[in-house]
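All residue numbers for the sequence shown refer to the working numbering, where the first residue is 16 and numbers rise by one.
Note that beta-carbon positions come from the ideal geometry of N, C-alpha and C, so glycine has one too.
Below: one structure, written as structure tokens.
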Amino acid sequence: MGEQRLVRLRQMTVEDTEKIVAWRNREFVRKNFIYQQLFTEEGHLAWIREQVETGRVVQFIICLADGREIGSVYLRDIDSRKGTAEYGVFIGEEDALGCGYGTEAAKQMLAYAFRELGLCKIFLRFLVDNIGAMKSYEHAGFCLTDRREWVVIQQGEREVCFMEITRDTWESRQNG
């Protein structure tokens, strides 16, 4: 018997706009993002037009086995020439936090990035005090890098950490 997946990913559509805007505007989601301004329907539709439809972003909705939708996962700034992209995720339903859904979504997105898109390296950024996110990313296979930067957001100046994973590292873990 194959391993049962906690989640499945489905392509995000324009019809998901209301849900995405609501999730991203929840305080427990916003406080962990570098971009903390309130989302609007117009802004999200522009994101779809300018980023998703142009191939710079791929975005999926995270669905549970029972069909419930709980968040989104995406690759942004996809650079096919360099083989890189930035990974992002958010769980928009508070009762779905800490259940392993984000980790499983990350694993599926990495498989998609390396197998389907042929990318070579995926990186991500997170606010240094978001320990739960860091642990989830580690479980998915990302490794902390030495790179750091500082950003000014609503809570003041905050440190941002970087993690990454290469296709070679990911493939070696799939076979081992």
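Within the region 77–141, the runs of beta strand (DSSP E) that reach at least 3 residues and sit entirely inside it are, in chain order, 84–94 and 99–106.
DSSP places residue 63 within a helical segment (H, G or I) once states are collapsed to three. Between residue 143 and residue 172, the beta carbon gap of about 11 Å keeps them out of contact (Cβ cut-off 8 Å).
With a threshold of 16 other beta carbon atoms within 10 Å, residue 53 falls short and is exposed. 104 is the residue among 184, 81, 31 and 104 whose C-alpha sits nearest the C-alpha of residue 124. Burial of residue 152 is indicated by the presence of at least 16 other C-beta atoms within 10 angstroms of its C-beta.
Taking 8 Å as the upper bound for CB-CB distance, residue 49 and residue 87 are not in contact here, some 16 Å apart.
Under DSSP, residue 178 shares a beta bridge with 139 and 159. When 110, 21, 78 and 73 are compared, the shortest CA-CA separation from residue 99 is found for 73. Here residue 176 is near residue 141, since their CB atoms are less than 8 Å apart.
Between residue 102 and residue 22, the C-beta spacing is not below 8 Å.
According to DSSP, residue pairing for residue 75 in a beta bridge involves 26 and 88. When the beta-carbon positions are compared, residue 182 and residue 156 stay at least 8 Å from each other. Per DSSP, the continuous alpha helix (DSSP H) segment holding residue 40 begins and ends at 32–40. Taking the C-beta atoms as reference points, residue 71 is found nearer than 8 Å to residue 91. The criterion of a C-beta distance shorter than 8 Å is not satisfied by residue 28 and residue 56.
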